[in-house]
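In the working numbering, the protein residues as written are 1015 to 1265.
All residues carry an ideal CB built from backbone N, CA and C; glycine is no exception.
Step one of this worksheet: look at the structure below.
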Amino acid sequence: GSNPTTFNAFTGEAVFTGNVGIGTTSPSNKLSLAGSGQNWSTSPAIKMWDSHNSKGWYVGSANNATAGDFYIRSVATEGAYPVAANQQFTIKQSGNVGIGTISPTQPFQVDAGSNIASFRSVGTGENNKELLIQTGGDRVTLDAKNADDGTATSLAFELGSSEKARLTTTGLGIGTTSPAVKLQVYGSAMPATGDPASVEDLLTLYRGGSQTVWSGGASLALGRYSTGNGSAPKSRLDFKLKNAAGSNTAL
């Protein structure tokens, strides 16, 4: 207010009706912290210490990779300050968020050991699922499992609200949620006898040329077709191989 009160030392309880400043005589908010971020002891930060469990946190802005970054760090004792290994959470001035790093270069960056992140649904039984992101060796692993007992569960891939593929312990299903083999692809129903001419490829493989069947190089097509005009629909398995001149060649 217009007549601020300054406390150099205070013991007991107090109720304030105006703004409170620590490190400033002109607080602009209900609680304002001001200090030099050049070192831990003078920084605008709050230390919270649990004397019963001997655990603590240091929250504020000081000694960061970039001046002005906000962080949450752990401390080992009430009188201690964070060390290099205590890099639990950082928000940079750019808006990047880091967990396990003080220098996130992406909007959200996690630096951790082999287990990077775990996402769990809230539920019981079959509704209690976990997606675990891991790294190790030469790979990144997505592990889908039941959170209750760690057994494997299926992993679905959707576009919008439409499921396009599902990976189960049996195999990968495209167009089916329960593949019976390593790779199973379901298309639409076989065209009716009276339908117009149509072709549906469930699988096409190309080598060379453009992505048009028989345009050049080699191609393999698996699917079904109808020539229309009342002819019965048929399944198809076509293999075509062309030489460098574009002419058909022997297989």
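Counting only residues of its own chain and dropping the five nearest sequence neighbours on each side, residue 1131 has a CB closer than 8 Å to the CB of 1124, 1146 and 1147. Under DSSP, residue 1054 takes part in no beta bridge, so it has no partner. By a beta-carbon distance limit of 8 Å, residue 1086 contacts residue 1073. Their separation comes to about 5 Å.
Residue 1172 has 1177 as its beta-bridge partners, per DSSP. A straight-line Cα-Cα distance of about 57 Å links residue 1039 and residue 1164. Restricting attention to 1084, 1082, 1113 and 1071, the CA atom closest to the CA of residue 1095 is found in 1071. Listed as beta-bridge partners of residue 1188 by DSSP are 1179 and 1199. A straight line joining the alpha-carbon of residue 1092 with that of residue 1172 spans about 49 Å.
For the pair residue 1186 and residue 1197, the CB atoms are nearer than the 7 Å cut-off.
A direct Cα-to-Cα measurement between residue 1166 and residue 1177 gives close to 19 Å.
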